[in-house]
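Note sheet for the following structure.
Residue numbers (our numbering): 116 to 326.
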């Protein structure tokens with residue numbers, strides 16, 4: 116079976132490289148056969164540029180709710196291909212919104228989305244992602260990480276080129292159901308939760324009853 120592959124390699128270390136980027140080190144059984152991509156949830160955030168690299172540094176938005184990090188092995192001929200939509204279903208605390216524009220006025224400057232702070236909450240326009248408008252087409256925007264699981268209210272709209280920050284146009288309302296990982300467990304004194312385990316022996320006696 117042709118790449119991409121989710122197995123045959125293992126992440127051995129992950130840490131923050133900066134306030135907005137993550138460093139992931141991994142080992143692989145594939146030698147120099149493949150290049151590798153790094154995904155946060157289903158978002159492609161980074162990749163190697165050669166088959167012998169075993170470290171990826173990529174941008175990642177900080178979030179109280181953890182994000183699933185995954186490595187994917189790819190054929191070098193497919194470098195740049197986004198396989199996010201083919202990854203297994205996992206908790207994912209972002210929404211991807213496709214905004215199709217048609218007949219927008221000539222003074223349109225930006226395409227934007229905004230979303231609520233919590234499930235069912237009103238849209239907070241401080242939570243905003245924008246991209247430049249160039250012509251009528253479909254624009255894909257990805258929200259920043261959200262909070263707990265639930266149904267979030269979203270708004271999609273355009274912004275014109277008037278000073279200072281432009282005027283918001285007609286808003287299209289929509290909702291997205293997001294399933295997120297729970298935050299880290301913290302004990303009452305603020306320390307991180309720890310657990311210990313001890314081994315033991317279980318003796319089980321049974322009598323075969325036949326068919």
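Here a beta-carbon is modelled for each residue, glycine too, at the ideal position from N, C-alpha and C.
Predicted model, so just to flag it, every value in this text is computed and none were measured.
Taking the CA atoms as reference points, residue 247 sits about 21 Å from residue 260. According to the DSSP secondary-structure assignment, residue 131 is paired through a beta bridge with 137. Rounded to whole angstroms, the Cβ separation of residue 184 and residue 162 is 14 Å, and the two are not in contact under 8 Å. Residue 199 is positioned such that its CB atom lies closer than 8 Å to that of residue 159. Secondary structure of residue 174 (DSSP, three-state): strand.
DSSP places residue 245 inside the beta strand (DSSP E), whose first and last residues are 238-247. A distance of 8 Å or more separates the beta carbons of residue 306 and residue 272. Beyond the five residues adjoining it in sequence on each side, residue 255 comes within less than 7 Å, by CB distance, of 211 and 213 in the same chain, given in chain order. A check of alpha carbon separations from residue 280 across 245, 296 and 221 identifies 245 as the nearest. Of the residues assessed, residue 268 falls on the buried side of the cut-off, its CB having 16 or more other CB atoms within 10 angstroms. When C-beta atoms of the segment 220-238 are compared with those of the segment 175-193, fewer than three pairs fall below 8 Å, so the two segments do not count as touching.
In this model, residue 220 and residue 270 are separated by some 19 Å (Cα to Cα). Annotated three-state conformation of residue 273 is strand, per DSSP.
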